[in-house]
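What follows is one structure encoded as structure tokens, with my remarks underneath.
See below:
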């Protein structure tokens, strides 16, 4: 699908990287993780054979120790990893849908920014 017919994730990937290209005075790092909650267990979709991911409740933010984090440099790279992770989601046939998702998934996008010096290096 193209344009407005695409889902929120491909449109978000395009938006993020289009904004990055316009910010010449800033360094960016985009890191993604992909998890699924199925039968009350949190699974790393980028490492489907890994043991269950545990949430660290001792912090003020959501932390998933040991979760796979992949640095991406373009919307195409982000979507390639997303589609690979999608293949590992748990699905089962239902009366309404032959490949119904059985869990809930979240693509986590961590965007870090830092100012650049005039020579293009990271400012301190």
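Numbering (the numbering used here), first residue to last: 1 to 124.
No residue lacks a Cβ here, since even glycine has one placed at the ideal position from N, Cα and C.
Neighbourhood of residue i by C-beta, 6 Å cutoff - its chain only, sequence neighbours within 5 removed
i          : result
residue 53 : 42, 44, 64, 67
residue 34 : 45, 46, 85, 107
Residue i, enclosing beta strand (DSSP E) - first and last residue
i           : result
residue 44  : 41-44
residue 47  : That residue, residue 47, is in no beta strand (DSSP E); it is neither H nor E in DSSP.
residue 56  : Here residue 56 belongs to no beta strand (DSSP E), and DSSP marks it neither H nor E.
residue 36  : 26-38
residue 109 : 104-115
residue 146 : With the chain running from 1 to 124 in the structure shown, residue 146 is simply not present.
Limits of the unbroken alpha helix (DSSP H) element including residue i
i          : result
residue 79 : 75-86
residue 13 : 8-22
Supposed close pair residue i, residue j - CB separation, criterion 8 Å
i          : j          : result
residue 88 : residue 48 : 4 Å
Beta-carbon proximity list for residue i, same chain, < 7 Å, skipping 5 on both sides
i          : result
residue 70 : 31, 32, 46, 81
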